[in-house]
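Asker: My structure is below; once you've seen it, I'll send some questions.
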Amino acid sequence: MTQPMTKPRIMYTREQAAEVLSISTSQLDEFRRAGLICAVKFGGRGIRFLHQELEDFANSLPAA
């Protein structure tokens, strides 16, 4: 039986983005500070990571 396709989220919190990329939140913060991945401001002090940004970052990593 086929599972129904679910749409990916549009935006992810810091914790969710780290989980999607299978990295720690501190690694995500380092990549963001280095300009390797971008986040958008959301609300007063919050940030969110766009799905496309996470996908582009993952695709830019060298193959193992």
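Going by UniProt numbering, the residue at position 37 of the sequence shown is 37; the numbering climbs one at a time, nothing skipped. Glycine included, C-beta positions come from ideal geometry on N, C-alpha and C. Please read these numbers as outputs of a predicted model, since none were measured by experiment.
Please go through the UniProt domain "Helix-turn-helix" (11-60) and give each complete alpha helix (DSSP H) segment of 4 or more residues, from N-terminal end onward.
Answerer: 14-21, 25-33 and 51-60
Asker: Who are the Cβ neighbours of residue 65 in its own chain at under 6 Å, not counting the five residues just before and after it?
Answerer: Residue 65 lies beyond the range of the chain shown here (1 to 64); nothing can be said about it.
Asker: What's the gap between the Cα of E53 and the Cα of S26?
Answerer: Reading the sequence shown from its first residue, position 53 is the one you call residue 53. Reading the sequence shown from its first residue, position 26 is the one you call residue 26. Near 18 Å, if we compare the C-alpha coordinates of S26 and E53.
Asker: How many whole angstroms separate the CB atoms of R9 and I47, which I take to be in contact at a CB cut-off of 8 Å?
Answerer: Sequence index remark: in the sequence shown, residue 9 carries index 9 (1-based). Sequence index remark: in the sequence shown, residue 47 carries index 47 (1-based). With 8 Å as the limit, R9 and I47 do not qualify as a contact, their Cβ atoms being about 15 Å apart.
Asker: Within 10 Å of its beta-carbon, does I37 have 16 or more other beta-carbons around it, so buried, or fewer, so exposed?
Answerer: For this step, residue 37 is matched to residue 37 along the sequence shown. Buried: at least 16 other Cβ atoms inside 10 Å.
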